[in-house]
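Peer 1: Numbering (this note's numbering), first residue to last: 15 to 90.
A virtual CB, placed ideally from N, CA and C, is assigned to each residue, including glycine.
(1) Let me confirm a value: residue 25 is counted as buried when at least 16 other C-beta atoms fall within 10 Å, else exposed. Which label applies?
(2) Evaluate contact between the region 57-71 and the region 15-33, counting only Cβ atoms and requiring at least three cross-stretch pairs below 8 Å.
(3) With a threshold of 8 Å on Cβ separation, who are the neighbours of residue 34 within its own chain once the five nearest residues in sequence on each side are excluded?
(4) Would you grab the beta carbon distance between residue 53 and residue 40 for me? Rounded to a whole angstrom, and I think it's under 8 Å.
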């Protein structure tokens, strides 16, 4: 398992992280690992998503595609 070392962390941040760890019944290391896991889950994917394919239908359109049909709000 890899190790991380963070330097020059302000004391007020360390104190807040310790309070957070205590509130979650974890050690400071456990709390930091949980925060890192949460951040990693929100990271962008390693590969970009595959592009969307547009498929057109040959079926005739039944409506006029007017604003009223699309939004059903009588132009409001």
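Peer 2: Put simply:
(1) exposed
(2) no
(3) 45
(4) So it is not a contact: roughly 16 Å between Cβ atoms.
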